[in-house]
Amino acid sequence: MSLKYLPPVKPSAIALGTVFNHGVELAVMAPLFGQTYQRAKSANTKEEFIHSREASSTAVAWGTSLVGSALQSYGVGALINATGTLSYKGAAYLGGLIFAATSAPTFLQQLFTEKRAVDTVAVSAAAKVFETVGLSLFLTWWGTRTNPFD
35 MSLKYLPPVK PSAIALGTVF NHGVELAVMA PLFGQTYQRA KSANTKEEFI HSREASSTAV
95 AWGTSLVGSA LQSYGVGALI NATGTLSYKG AAYLGGLIFA ATSAPTFLQQ LFTEKRAVDT
155 VAVSAAAKVF ETVGLSLFLT WWGTRTNPFD
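Here this note's numbering is used: the first residue of the sequence shown is 35, the next is one more, and so on.
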């Protein structure tokens, strides 16, 4: 397989996009980390907590969130480069399309099929808007092209 078909993205854009996206995801996962922190305080020893189920599930959630954030940052940066997006307006449209394609169907299903609470779905939707539209705006501001003269 050849990697020449994958658009290059500036490594600093991927790194900063990962931090941006990971920060948004950690804000959403804060209740999980809060419960884990309370469990750590109530554990008798540090070793008991490290071997507990909460510690391992929190570590897995944190790790997958970090890897997912990096992949999403590369993907959005690659789309910005591949589409030739240079303006904030174009970046907002691109982020909106990414949101509509990846997250909107899930939220509609949660609202109408699963009958979840509107406020819970709204918080998740707001986080996904930050992860898609916010990330594309942030990466456009930072710049994603490895050579801006190409």
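Beta carbons are placed, not taken as given, at the ideal position from N, Cα and C, and that holds for glycine.
Sixteen is the threshold: when 16 or more other Cβ atoms of the shown chains lie within 10 Å of the Cβ of E165, as they do, the residue is buried. Contact between G51 and L128 does not hold, since the beta-carbon distance rounds to 14 Å and is not under 8 Å.
The region 169-181 and the region 36-52 touch, with no fewer than 3 CB-CB distances between them shorter than 8 Å.
By the Cβ neighbour-count rule, F146 is exposed, with fewer than 16 other Cβ atoms within 10 Å of its own.
Annotation: the continuous alpha helix (DSSP H) that includes T136 extends over Y122 to T136. Here the C-alpha atom of A95 lies approximately 32 Å from the C-alpha atom of T117. Contact check for E59 against S103 passes: the beta carbons are separated by less than 8 Å. Counting of Cβ neighbours within 10 angstroms places F183 among the exposed residues, the total staying below 16.
Sequence-distant Cβ neighbours of I114 in its own chain, meaning closer than 7 Å and more than five residues away, are A125, L128, S170, L173, T174 and T178.
When rounded, the separation of the alpha-carbon atoms in G130 and V167 is 6 Å.
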